[in-house]
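Mapping the sequence shown onto the numbering used here, position 25 (from 1) lands on 67, and the numbers just tick up by one.
Even glycine gets a Cβ: it sits at the ideal position worked out from N, Cα and C.
Heads up, the thing below is written out as structure tokens.
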Amino acid sequence: MLERVFKLNENKTTVKTEILAGITTFMTMAYILAVNPSILSVTGMDQGAVFTATVVASFLGTVCMALFANYPFALAPGMGLNAYFAYTVVLGMGYPWQAALAAVFVEGVIFIVLSLFHIREAIFNSIPINLKKAVSVGIGFFIAFIGLQNAKIVVGGATLVEFFSLDAIEGGTMKDVGITVLLAIIGVFITSILVIKKVKGNILWGILITWLLGIICQFTGLYVPNPELGFYGLLPNFSNGLSIPSLAPIFLKLDFTSIPIQEFIVIILAFLFVDMFDTLGTLIGVASKADMLDKDGKLPRIKGALLADAVATTAGAVLGTSTTTTFVESASGVSEGGRTGLTAMTTAVLFALSLLLSPIFLAIPSFATAPALIVVGFYMVNQVGSIDFSDFGEGIPAFICIAAMPFFYSISEGISMGVISYVILNLLGGKAKEKKISIVMYVLAILFLAKYFLI
């Protein structure tokens, strides 16, 4: 049955490989189960209910990806989009979270329409192959940067970012933040050695070994939890049993009346821009890494992948969470050999199980998952060698795209800058006809410029 549904032989993979890849993907993105409720709770939303909504939305979206497209990509409420939801729309603009959920719902419906009529697919296929490869590389640097930040190896400082020091973390000591930074660095070396030795499941083993080292440090007193700084006990806490928080406080709480129509449209457009190009960027980058793009740089069955993303966003809003999107951490499972929807289905099952076993999954600290993200960044950056930098009309936009993602801390901004620079440089450089720039690329460039000047 698994062969018939997921076409394992055709994709040159096995059940064991797919399941291991699905577990790895889940382990690298399980942090969202803790982070998303924490962010959205600042709006007044019930944290327990948001946890349940996060799990259910992630499960539904990832199952849709497995069944609609047979791809190893996992979905969950997106980082950045949840921050925009909470800190800009609700706390910044002063609108109730119910109204923000309504905007996410409308965004999802629009995405479903765009996906059904192949508009998002046309956008994906119009992006030049070198720019697609640049997206993969940029995401690699972006993922590595997230890992370095999550582990506190990189912190804010006089030069905007700098290497960790205890002075940079107010109230931090060697027994909380200091030891976790050291453990994360050790984790990078452990994971890298496993990669060099070609140990199957190297990224997953790196996460588990780093977590185990942290537990040993806690038992020996080298690590002392400091909740005030966000450093908690590393052992699972089952003191509240296996109860599932109720969705009732946030389920179907959409409010379409609290925001004036003009501002409502602006908010929807902001969600649309970020979600559309974060998703496209993730699909391009991860699919490129997995050699899933065809000879023309197109992703087969992309319609199903985009539809899964759109349905998940709509369902997530009804459940009570911010925009659900394809996660770039899916690259970790792809790096483990995941090639089909069985990887995604495995991740979805683990999301469902996390409802009951949340104390275990939430106990995995960021310093244990950070090495995985850094190593996955390495895997994705190796695409840089296949970019044609000798053609300046291709190379300069590719460079801008790569640099923008980590520096602007946004996949979508990287794509925006890449598309705008590609069109303008080749148009003014007299290479537009030679490059056969599509109408869609011109339209995208104009829309991106309009976004910066008008929204």
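Sub-9 angstroms separation of residue 188 and residue 319 beta-carbons: no
Per-residue DSSP class, three states only, for residue 204: strand
For residue 79, the first and last residue of its enclosing alpha helix (DSSP H): 74-82
Collapsed DSSP secondary structure at residue 521 in the structure displayed: Residue 521 lies beyond the stretch modelled for the chain, which goes from 43 to 497, so this question has no answer here.
Supposed close pair residue 334, residue 373 - CB separation, criterion 8 angstroms: About 12 angstroms; that fails the 8 angstroms criterion.
Residue 424 (DSSP reduced to helix, strand or coil): helix
Between the CA atoms of residue 455 and residue 322 - distance to the nearest angstrom: 12 angstroms
Cβ-Cβ separation, residue 286 to residue 361 (assumed contact under 8 angstroms), whole Å: In fact, because the Cβ distance is near 13 angstroms, the residues do not count as touching under 8 angstroms.
Beta strand (DSSP E) segment containing residue 368, residue limits: 366-368
Per DSSP, the bridge partner or partners of residue 103: Residue 103 pairs with nothing; no bridge assigned.
Residues near residue 53 by beta carbon distance below 7 angstroms, same chain, minus five either side: 381, 382
Beta-carbon gap between residue 107 and residue 117 smaller than 9 angstroms: yes
Helix, strand or coil at residue 117 according to DSSP, with G and I counted as helix: strand
Candidates 46, 262, 392, 317, of which the one nearest residue 148 by Cα: 317
Residue range of the beta strand (DSSP E) that includes residue 199: 196-199
Under the three-state DSSP convention, the category residue 147 falls into: helix
Residue 75 versus 457, 238, 364, residue with shortest Cα-Cα distance: 364
Length at least 4, wholly inside the stretch 357-408: the alpha helix (DSSP H) runs in chain order: 372-377, 383-404
DSSP state of residue 268 mapped onto helix, strand, coil: strand
Sequence-distant residues of the same chain with beta carbon closer than 7 angstroms to residue 408, five excluded per side: 73, 192, 193
Local conformation of residue 110 per DSSP, three classes: helix
Endpoints, the alpha helix (DSSP H) within which residue 454 is located: 453-470
Cα-Cα separation, residue 420 to residue 437: 20 angstroms
Close-in-space but distant-in-sequence residues of the same chain around residue 104 (CB under 7 angstroms, 5 per side omitted): 116, 117, 386, 389, 390, 393
Residue 356 to residue 146 span [Cα, whole Å]: 7 angstroms
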